[in-house]
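As structure tokens, the structure follows; a few thoughts come after it.
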Amino acid sequence: MWLAQLSVLLLLAFVADAALTLWRRGGATERRRARVMGGSLTVFILGAGCFVALVNEQVIAVPYLVSLPFLIVLAAMGYELSYDVLRAAELARELRASEQRMELAASAAQLGLWAWDMARDEIWATDKARELLGFTQSERLDFNRFLNSLHPADRDSVSRAVAKAINGEGEFESEYRVARQDDQTLWIAARGRVEFDASSKAVRMHGVSIDVTARKQTEAEVQRQSAELAHVARVSTMGELAASVAHELNQPLGAILSNAEAAEMFMNQNPPALQDVREILSDIRKDDERAGEVIRRMRALLRKREIELQPLDLNSVMEDVFRLVGGDAALRKTAISAELSPRLPAVRGDRVHLQQVLLNLTMNALEAMARQPPEKRRLTVRTSLNGNGTVEITVTDSGDGIEPAKLARLFEPFFTTKPNGMGMGLSIARRIVEAHRGHISAENNASGGATFRVTLPVTTEESKP
Amino acid sequence: MNAAKPIVFVVDDDASFLTAVTRLLRAGGYTFETFTSATEFLKTPPADQPGCLIVDLHMPGLSGLELQEALVKSGNSLPIIFLTGHGDIPTSVHAIRQGAEDFLTKPVRKEQLFTAVERALARDGREREVRERARGLRARFDVLTPREREVVRHLLRGQLNKQVAADLGTSERTIKAHRANLMAKLQVQSLAELVRLAQESGLFADPPLSS
Chain D
-12 MWLAQLSVLL LLAFVADAAL TLWRRGGATE RRRARVMGGS LTVFILGAGC FVALVNEQVI
48 AVPYLVSLPF LIVLAAMGYE LSYDVLRAAE LARELRASEQ RMELAASAAQ LGLWAWDMAR
108 DEIWATDKAR ELLGFTQSER LDFNRFLNSL HPADRDSVSR AVAKAINGEG EFESEYRVAR
168 QDDQTLWIAA RGRVEFDASS KAVRMHGVSI DVTARKQTEA EVQRQSAELA HVARVSTMGE
228 LAASVAHELN QPLGAILSNA EAAEMFMNQN PPALQDVREI LSDIRKDDER AGEVIRRMRA
288 LLRKREIELQ PLDLNSVMED VFRLVGGDAA LRKTAISAEL SPRLPAVRGD RVHLQQVLLN
348 LTMNALEAMA RQPPEKRRLT VRTSLNGNGT VEITVTDSGD GIEPAKLARL FEPFFTTKPN
408 GMGMGLSIAR RIVEAHRGHI SAENNASGGA TFRVTLPVTT EESKP
Chain R
136 MNAAKPIVFV VDDDASFLTA VTRLLRAGGY TFETFTSATE FLKTPPADQP GCLIVDLHMP
196 GLSGLELQEA LVKSGNSLPI IFLTGHGDIP TSVHAIRQGA EDFLTKPVRK EQLFTAVERA
256 LARDGREREV RERARGLRAR FDVLTPRERE VVRHLLRGQL NKQVAADLGT SERTIKAHRA
316 NLMAKLQVQS LAELVRLAQE SGLFADPPLS S
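Residue numbers (our numbering), protein chains in the order written: chain D, -12 to 452; chain R, 136 to 346.
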């Protein structure tokens, strides 16, 4: 008897504790639920207890009212259940509305939304996102299908950007081309964020994509125009170098002709001087390669082309420049000294365009010293690695230097310090250097003359194109 | 030829071209010496060696023109053939004015080169002969006394004995005696012969002949 009453009391304590915990935990809904559940269970237990007592005392006959507390509890629980169902429906409606609002906003902004479930390798994407990538509304998307829809040249960089986001930063950002079935190539800019689970394993990435083709076209047009301008400047530079280039080219050509004629004479001797002829043939081949090299360097400079960034050894660019201006420097009786750092990391650069910049600086320096007596003409070119992950090239002359007032305007278009200069060289040089994410500056030396300084960032493997 | 065999000196900073040209010269039967810079050549300039010089115009350090200048200054009259990868008119004019024998552009055909070398060697030979002869003549004039040389100078101006005597403040007879002596020493028969000899020797070139 006592045992039964004790167990009822324990049950009550448990219910009260559970209700209290629920109450403490949650907001308004949880509190109300705690009230309803706790209350109804208390009523049920108390009712059941009283009922048992009444039956025991034989005040009432046995089974009649058994269902009464149950009914109360069922009613309360049924109420709660239907409330949950209604609430779920409401949530679903709200979600749909919010989704619609999102899609409206997204489609108004031409944004494609997407989410990539990495565990199942499934990509959910809005209609707009599918349209951008050239997929139909219903086909199933996974990462590989996404990757294959990209321009082949961009696949690596996108994969790298995704891997980088998953393995660390959590932020994904990339621009890539999509070659669609309709033969249209779109430029897409995409950003995403990775969700990690408790063990910091990437589980999902969601993000947006937008069509940036128009912007890219404008950029390309600007780039094309500046490439055009740079090309014109290069051609005119080559004009200035014509004498030196002709000299450089005629050197091997002259050797080839003389060698060939000497060979003819050796062959006509009796007996023919075959050993001489053999040596001559090998020399002719070498000189032919030398002439070809001169032409290759010139053609590279004269070709019209846009900037293409590739890992590049600046020392070798500088050596090409020395070969191009070597003849000119000799004509101008100027000594060039090169202090090229032997351990120079590669930069991301375009050989021809950087060659143009360095050629321009070198020729300016040669010109700046024209009024100095020959023994004072000294051109020094240095390459070095800076601490902050940049490579630096300096071109130092021993000329008159630059008027301080003109120093600041040196890189402006149409600004020139030369009597018959156009004022294009340095402004084009700056544009090229900036397209390499580098920096160009000029200063006067304490010991006279001027120094031009170009810094370019060192290439890193994972850097984005 | 009588004296030493002429040598073709070649100065060019381009090793490959230098080899090629000397092969050609060797096949053509010439004797040659090569130098890779003007400075190297000037270190030991050939003294009184018949020959000619083939020089590249544009070289680092001393250029071809400067080499020419240095030679002219030192009285070395070796004929110079300039070779250049790129010839501009002002430079060639300047070089020719300074007495360059020829001005060739690379690539140069062997006929052109050999013709130029032949012409240069011929000129060198000719000039050498003239100089040789002049030297001999000068030796003959060396035996004259200063007074006799003075008389020659006046005779070369076309003066008569009387005028010479008046100018030198002496008698016509004395001048006559001087004249007979010097003509005997120089082994000439007539005044005309004396004049030719004096001109060839180059000794009396400085005073103007007229007036």
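Glycine included, each C-beta is placed from N, C-alpha and C at the ideal position.
Helix, strand or coil at residue i [DSSP, three-state]
{"i": "Ser231/D", "result": "helix"}
{"i": "Leu331/D", "result": "coil"}
{"i": "Arg270/R", "result": "helix"}
{"i": "Val199/D", "result": "coil"}
{"i": "Asn431/D", "result": "strand"}
{"i": "Asp223/R", "result": "coil"}
{"i": "Pro139/D", "result": "helix"}
{"i": "Ile282/D", "result": "helix"}
{"i": "Ala139/R", "result": "coil"}
{"i": "Lys451/D", "result": "Confidence is the limiting factor: at Lys451/D the pLDDT is only 41, short of 50, which leaves the residue's position unreliable, though a coordinate-based value still follows. Looking at Lys451/D - three-state DSSP - the assignment turns out to be coil, as it is neither helix nor strand."}
{"i": "Leu344/R", "result": "Any reading at Leu344/R must be qualified, since the residue scores a pLDDT of 44, below 50, and its modelled position is unreliable; no value is offered."}
{"i": "Ile323/D", "result": "strand"}
{"i": "Thr309/R", "result": "helix"}
{"i": "Leu517/D", "result": "Absent from the model: residue 517/D. The displayed extent of chain D is -12 to 452, so no value can be given."}
{"i": "Ile59/D", "result": "helix"}
{"i": "Gly99/D", "result": "strand"}
{"i": "Val445/D", "result": "strand"}
{"i": "Asp237/R", "result": "strand"}
{"i": "Gln359/D", "result": "coil"}
{"i": "Gly186/R", "result": "strand"}
CB contact flag (residue i, residue j, <8 angstroms)
{"i": "Trp103/D", "j": "Phe130/D", "result": "yes"}
{"i": "Asp148/R", "j": "Thr166/R", "result": "no"}
{"i": "Met305/D", "j": "Leu327/D", "result": "yes"}
{"i": "Gly234/R", "j": "Val207/R", "result": "yes"}
{"i": "Leu348/D", "j": "Val312/D", "result": "no"}
{"i": "Met194/R", "j": "Ala317/D", "result": "yes"}
{"i": "Leu331/D", "j": "Ala352/D", "result": "no"}
{"i": "Leu372/D", "j": "Gly336/D", "result": "no"}
{"i": "Phe152/R", "j": "Gly314/D", "result": "no"}
{"i": "Val334/D", "j": "Thr446/D", "result": "yes"}
{"i": "Ala166/D", "j": "His138/D", "result": "yes"}
Contacts that residue i makes with chain D (C-beta to C-beta distance below 8 angstroms)
{"i": "Ser151/R", "result": "Gln238, Pro239, Ala242, Asp270, Lys273, Asp274, Arg277"}
{"i": "Asp223/R", "result": "Ala230"}
Residues near residue i in its chain [Cβ-Cβ closer than 8 angstroms; skip 5 each side]
{"i": "Ile389/D", "result": "Leu397, Thr404, Ala429, Asn431, Ala437"}
{"i": "Pro185/R", "result": "Met136, Ala138, Ala139, Lys140, Pro141, Ile142, Leu256, Asp259, Gly260, Arg263"}
{"i": "Ile243/D", "result": "Ile271, Asp274, Asp275, Ala278"}
{"i": "Lys311/R", "result": "Asn296"}
{"i": "Ile454/D", "result": "No answer is possible for residue 454/D: it lies beyond the span of chain D, which begins at -12 and ends at 452."}
{"i": "Val182/D", "result": "Going by the sequence as given, residue 182/D is Glu instead of Val. The residues are Ala189, Val190, Arg191, Met192, His193."}
{"i": "Val199/D", "result": "Glu162, Trp174, Ile175, Ala176"}
{"i": "Ala214/D", "result": "Lys291, Arg292, Glu293, Ile294"}
{"i": "Gln97/D", "result": "Lys115, Ile197, Asp198"}
Chain D residues whose Cβ lies nearer than 7 angstroms to that of residue i
{"i": "His193/R", "result": "His234, Gly314, Ala317, Leu318"}
{"i": "Ala162/R", "result": "Ala249, Met252, Phe253"}
{"i": "Gly210/R", "result": "Within 7 angstroms Cβ-Cβ: nothing; Gly210/R doesn't reach chain D, min ~25 angstroms."}
{"i": "Gly199/R", "result": "Simply none; closest approach about 11 angstroms."}
Whole-Å CB distance - residue i paired with residue j, under 8 angstroms assumed
{"i": "Phe276/R", "j": "Leu338/R", "result": "6 angstroms"}
{"i": "Phe217/R", "j": "Leu192/R", "result": "5 angstroms"}
{"i": "Leu321/R", "j": "Leu290/R", "result": "Actually they do not touch by this definition, with Cβ atoms about 12 angstroms apart."}
{"i": "Arg178/D", "j": "Glu160/D", "result": "5 angstroms"}
{"i": "Arg180/D", "j": "Gly157/D", "result": "6 angstroms"}
Chain-ordered neighbours of residue i on chain R, where CB pairs are closer than 9 angstroms
{"i": "Ala166/D", "result": "Here the premise fails: no neighbours, minimum Cβ distance about 50 angstroms."}
{"i": "Asp143/D", "result": "The premise fails here: Asp143/D is roughly 44 angstroms from chain R at the closest Cβ pair, so nothing lies under 9 angstroms."}
{"i": "Asp337/D", "result": "The contacting residues do not exist; Asp337/D stays about 30 angstroms from chain R at best."}
Own chain, CB closer than 7 angstroms to residue i, minus 5 neighbours either side, in chain order
{"i": "Arg424/D", "result": "Pro444"}
{"i": "Ala247/D", "result": "Ile271"}
{"i": "Val323/R", "result": "Leu329, Leu332"}
{"i": "Pro343/R", "result": "In this prediction, Pro343/R has a pLDDT of 48, which is less than 50 and means its spatial position is unreliable; what the coordinates show is noted afterwards. None."}
Contacts of residue i in chain R (Cβ-Cβ under 8 angstroms)
{"i": "Ser245/D", "result": "Phe152, Ala155, Val156, Arg158, Leu159, Pro242, Val243, Lys245, Leu248"}
Cβ-based neighbour list, residue i, same chain, cut-off 6 angstroms, excluding 5 preceding and 5 following
{"i": "Ser345/R", "result": "Per-residue confidence for Ser345/R stands at a pLDDT of 44, beneath the threshold of 50, marking its modelled position as unreliable; no derived number is given."}
{"i": "Arg221/D", "result": "Leu288, Gln343"}
{"i": "Leu9/D", "result": "Glu17, Ala21"}
{"i": "Arg292/D", "result": "none"}
{"i": "Glu118/D", "result": "none"}
{"i": "Leu188/R", "result": "Phe144, Leu213, Ile215"}
{"i": "Pro452/D", "result": "Annotation note: pLDDT 41 at Pro452/D (below 50); position unreliable, no value reported."}
Neighbour list for residue i in chain R, Cβ cutoff strictly below 7 angstroms
{"i": "Ile267/D", "result": "Arg158"}
Residue i Cβ short of 7 angstroms to the ligand MG heavy atom set
{"i": "Leu244/D", "result": "Ligands are entirely absent from the displayed structure, and the ligand MG is therefore not among its contents."}
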